[in-house]
Ligand SMILES: Cc1cc2nc3c(=O)[nH]c(=O)nc-3n(C[C@H](O)[C@H](O)[C@H](O)COP(=O)(O)O)c2cc1C
Ligand SMILES: CCCCC(=O)C(=O)O
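Numbering (full-length UniProt numbering), first residue to last: 1 to 393.
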């Protein structure tokens with residue numbers, strides 16, 4: 001960053017304030033956008049179709065406002081909790097995202113190290129650009145593995161075995177991607193992976209074709225069309241259940257009906273998610289689906305939510321509606337793109353600090369005492385999204 005003249009017009013380099021200082025995740029978005037190739041930025045920022053759900057995930061947060069209580073002792077706000085019975089330092093984890101090396105030479109191992117520094121959960125993606133074993137070695141915080149169920153069931157089975165051996169604590173089965181939705185930004189850009197980036201968890205057969213782009217196509221979509229098992233059903237989930245004693249978490253559930261069915265099969269957790277607006281365009285916002293999912297499952301089944309969380313106040317709203325924790329996706333990649341592990345750590349610790357502040361200012365110093373009466377829902381409220389949505393540009 002360069003020294004600038006301050007508001008009083010002084011230009012003494014030693015006194016000049018850092019006006020470019022990155023404060024919020026949205027500041028990291030702007031800095032990441034300036035740094036990344038357009039096609040990589042678009043792959044990360046974009047959604048499917050008209051991006052209605054991408055915007056909708058964010059807009060849902062603005063329709064909730066707080067009903068703060070006063071004269072409560074908020075001298076200590078406690079943000080530590082447990083997930084699937086294990087302690088985490090904060091109710092904010094890292095959503096599974098493919099190919100962190102698109103934005104940083106080190107990639108996932110840097111992300112995992114940063115999460116460990118703040119005591120946050122990381123969910124590693126099937127399509128990580130570092131092996132799950134490399135991430136496990138870098139981890140000092142809790143790790144779960146996300147699985148796409150592929151047509152070659154042996155691949156899925158071997159990922160399960162490797163996750164068990166490497167010390168992963170849960171398997172997250174993504175159920176909203178029987179096929180990859182059309183993401184027009186990627187199609188326009190002819191998106192493909194740079195030659196030095198590979199799906200490190202998979203064998204060479206899965207590398208074929210990911211690097212040679214074509215106009216009007218995305219090699220990631222082509223790969224998904226070849227390898228994702230679009231015939232995977234509830235019956236097949238029993239097969240996964242029988243494979244392992246690791247807890248299972250389903251990611252991408254948006255209805256009470258599916259939540260009940262999952263809980264009936266003994267699934268330990270659910271992630272309410274629209275896949276960050278990247279799958280079914282027009283799907284209900286994740287935050288709006290959260291209450292019906294929470295109400296449909298017994299309390300032993302832990303419900304998390306992701307999609308559009310950019311502020312500590314967003315985290316508090318999700319927790320008040322019954323989420324045990326939230327996941328953040330894109331903000332983590334912005335932090336990683338701008339400043340590697342240090343950037344990820346800054347993004348996570350900023351969200352934690354904002355959450356603590358929101359708890360203090362709403363008079364709710366304890367996570368286990370949060371209830372929906374903290375919130376006022378204003379369905380007709382206009383959404384002041386323009387200033388807060390630099391990440392979608
Ligand atoms: C670049 C990128 C890659 C993603 N890759 C995966 C993935 O491999 N598996 C998965 O289950 N979800 C994936 N997702 C979805 C995220 O896990 C998460 O649901 C979403 O990003 C949350 O929304 P947010 O980015 O607004 O926080 C990806 C999202 C992005 C932005
Ligand atoms: C086939 C999915 C690739 C990773 C992903 O889930 C995403 O880009 O959203």
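Backbone N, C-alpha and C define an ideal beta-carbon position, used for all residues, glycine too. Values in this document were obtained by computation on a predicted structure and should not be read as measured data.
Check	Outcome
Roughly how many angstroms separate the alpha carbons of residue 191 and residue 219, rounded to a whole number?	6 Å
Between the C-alpha atoms of residue 65 and residue 195, what's the straight-line distance to the nearest angstrom?	46 Å
Can you tell me the Cα-Cα spacing of residue 150 and residue 231, whole angstroms?	10 Å
For residue 100, tell me which candidate among 290, 129, 120, 207 has the shortest Cα-Cα distance.	129
Can you give me the Cβ contacts of residue 376 inside the same chain, cut-off strictly under 6 Å, excluding the 5 residues immediately before and after it?	65, 67
Verify whether the separation of the beta carbon atoms of residue 120 and residue 348 is less than 8 Å.	yes
Assuming residue 44 and residue 351 form a contact by the criterion Cβ under 8 Å, report the distance between their Cβ atoms to the nearest whole angstrom.	Not quite, the Cβ-Cβ distance comes to about 18 Å (not below 8 Å), so this is no contact.
Tell me whether the beta-carbon of residue 284 lies closer than 8 Å to the beta-carbon of residue 172.	no
May I have a chain-ordered list of the beta strand (DSSP E) segments no shorter than 3 residues that lie completely inside the stretch 69-97?	81-83, 86-88, 92-94
Return the chain-ordered list of same chain residues with a C-beta closer than 7 Å to the C-beta of residue 131, the five sequence neighbours on each side being excluded.	200, 201
Under 8 Å Cβ to Cβ from residue 69, same chain only, skipping five residues before and after it: list those, please.	362, 363, 364
Check whether the Cβ of residue 198 sits closer than 7 Å to any heavy atom of ligand 2, and report yes or no.	no
Taking residue 55 as the reference, give the member of 378, 335, 282, 20 with the closest Cα.	282
Using DSSP's beta-bridge definition, name the partner residues of residue 325.	304
Do residue 111 and residue 327 have their beta-carbon atoms positioned less than 8 Å apart in this structure?	no
Return the chain-ordered list of same chain residues with a C-beta closer than 6 Å to the C-beta of residue 181, the five sequence neighbours on each side being excluded.	48, 279
Tell me the DSSP secondary structure of residue 316 in three-state form.	helix
Looking at the secondary structure, which residues open and close the beta strand (DSSP E) in which residue 271 lies?	269-272
Pick helix, strand or coil for residue 9, following the three-state DSSP scheme.	The predicted model places residue 9 with a pLDDT of 40, which falls under 50 and marks its position as unreliable; any figure quoted below should be read in that light. Three-state DSSP puts residue 9 in coil, outside helix and strand.
If residue 103 sits next to residue 40, beta carbons under 8 Å apart, how far is it from one beta carbon to the other, in whole angstroms?	7 Å
Would the beta-carbon of residue 174 be found less than 7 Å away from any heavy atom of ligand 1?	yes
Is residue 282 near ligand 1 - that is, is its Cβ less than 7 Å away from at least one heavy atom of it?	no
What do you get for residue 395, buried or exposed, if any count of 16 or more other CB atoms within 10 angstroms of its CB means buried?	There is simply no residue 395 to check, as the chain begins at 1 and stops at 393 in what is shown.
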